[in-house]
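Chemist: Numbering (mature numbering (1 follows the signal peptide of the UniProt record, and there is no 0)), first residue to last: -22 to -1, 1 to 303. Each residue gets a CB set at the ideal place from its N, CA and C atoms; glycine is no exception.
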């Protein structure tokens, strides 16, 4: 490789370090935390703690909080949730996070998230979200939650489920571990000062696996993430760092790139970027991921020249934001 290119790239690596993750402005985030029916009394503290952790992260991120399932009201939890989401999907911009914490069931035909009163199924939630222009994140931390991914998957949505299929119907712990990792510095794989949805997904999945290993028990849950709208989902062990290194048999696009561009609690660097700068940076990062995927097909000098161009443009976005702040 040309030495001058190599030298310039070394200087640009620091730029790439700070440009690895993106998000939407904190004020444009709505976080809906849904606490499901506890069933046995022993589960209530687990759901309550996870809810508190999500709400704390939401407050740190500066978003608007909406909690369903904790207060008594004339309307059922399902009706309250419908009313909440119906209002929020009408917003033209920003991200809408819907987090389901509780039990899930599958009757052989349909998966449901258990609420006090009527339960929530994926088809119903999909209808509520239909037509929304917002970036939507749905996290279902319950057992048998996989059908929510296949039903809700669509462009502009990121879906996370605690299980890879409906047969994983034992109590799922993924939701609790995700609540702990959503804004954890320990989950920040690229050490850029903030934790993306993808990073927290990987950290929570790792914690689930370690829990079963320490207990000497068979793993009864494997979480999936889908951020490209193809409905397949990707498990955490497909990633090395924040990059997917395996390809689905169907040849579909790997998940993870968009989920690594979204964070509930933005970093200081991210907060300095306006929406236009974020959109431009995100587009450049998409090009960067695509370039790295084609590295083996390109001449070495051609690859590094294109890499340099992308890193310079990303760096210029951050430099402009620093000058304006």
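Taking residue 137 and residue 131 to be in contact with their CB atoms under 8 angstroms, please state how far apart those CB atoms are, rounded to whole angstroms.
Modeler: Sure, about 6 angstroms apart at Cβ, within 8 angstroms.
Chemist: Using 8 angstroms as the threshold, is the C-beta distance between residue 152 and residue 140 below it?
Modeler: Yes, Cβ-Cβ distance for residue 152 and residue 140 is below 8 angstroms.
Chemist: Taking 7 angstroms as the cut-off, is the beta-carbon of residue 187 closer than that to any non-hydrogen atom of the ligand HEM?
Modeler: This structure does not include the ligand HEM; it has no bound ligands of any sort.
Chemist: Apart from the five residues on each side of it in sequence, which residues of its chain come closer than 8 angstroms, Cβ to Cβ, to residue 31?
Modeler: Closer than 8 angstroms at Cβ, skipping near neighbours: 157, 158 and 160.
Chemist: Our contact map puts residue 17 next to residue 78 with C-beta atoms below 8 angstroms; I'd like the distance itself, whole angstroms only.
Modeler: About 15 angstroms separates the two Cβ atoms, so there is no contact after all.
Chemist: Please work out which residues of its chain come closer than 6 angstroms, Cβ to Cβ, to residue 75, disregarding the five sequence neighbours upstream and downstream, and give them in chain order.
Modeler: Excluding sequence neighbours, residue 75 sits near 9 and 115.
Chemist: Could you tell me the distance, in whole angstroms, from the CA atom of residue 175 to the CA atom of residue 223?
Modeler: Cα to Cα, the separation comes out at about 18 angstroms.
Chemist: On the DSSP bridge assignment, give the partners of residue 118 in chain order.
Modeler: BP columns for residue 118 point to 78 and 139.
Chemist: Note down, in chain order, each residue of its chain lying with its Cβ closer than 6 angstroms to the Cβ of residue 142, except the 5 sequence neighbours on either side.
Modeler: 124, 200 and 202.
Chemist: With DSSP run on the structure shown, which of helix, strand or coil describes residue 166?
Modeler: Residue 166: coil per DSSP, three-state reduction.
Chemist: Is it buried or exposed, residue 87, if we count other Cβ atoms within 10 angstroms and call 16 or more buried?
Modeler: With fewer than 16 Cβ atoms within 10 Å of its Cβ, residue 87 is classed as exposed.
Chemist: Measure the alpha-carbon distance for residue 292 versus residue 260 and round it to whole angstroms.
Modeler: About 9 angstroms.
Chemist: So residue 255 packs on residue 179, CB below 8 angstroms; how close in whole Å?
Modeler: Going by Cβ atoms, the distance from residue 255 to residue 179 rounds to 26 angstroms, so no, they are not a contact pair.
Chemist: Quick one: what does DSSP say residue 84 is sitting in, helix, strand or coil?
Modeler: Residue state, collapsed to three classes: strand.
Chemist: What do you get for residue 64, buried or exposed, if any count of 16 or more other CB atoms within 10 angstroms of its CB means buried?
Modeler: Flag for residue 64 reads exposed.
Chemist: In whole angstroms, what is the alpha-carbon distance linking residue 287 and residue 262?
Modeler: If you take the alpha carbons of residue 287 and residue 262, they lie about 10 angstroms apart.
Chemist: What does the Cβ neighbour count give for residue 92, buried or exposed, with the cut at 16 atoms within 10 Å?
Modeler: Label assigned to residue 92: buried.
Chemist: Can you give the Cα-Cα distance for residue 112 and residue 194, rounded to whole angstroms?
Modeler: Going by the C-alpha atoms only, they are around 43 angstroms apart.
Chemist: Report the three-state DSSP secondary structure of residue 101 (helix, strand or coil).
Modeler: DSSP places residue 101 in helix when its eight states are reduced to three.
Chemist: Spatial neighbours of residue 96 within its chain, please: CB distance less than 7 angstroms, with the 5 preceding and 5 following residues excluded, ordered by chain position.
Modeler: Cβ neighbours of residue 96 beyond the five flanking positions: 54 and 56.
Chemist: In angstroms, rounded to a whole number, what distance separates the CA positions of residue 83 and residue 121?
Modeler: For residue 83 and residue 121, the distance between alpha carbons rounds to 7 angstroms.
Chemist: Could you give the first and the last residue of the continuous alpha helix (DSSP H) run that contains residue 186?
Modeler: Residues 175 to 193.
Chemist: Could you tell me if residue 89 is buried or exposed, where buried requires 16 or more neighbouring beta carbons within 10 angstroms of its beta carbon?
Modeler: Residue 89 comes out buried.
Chemist: Provide the residue(s) that pair with residue 42 in DSSP beta bridges, ordered along the chain.
Modeler: Residue 42 is bridged to 8.
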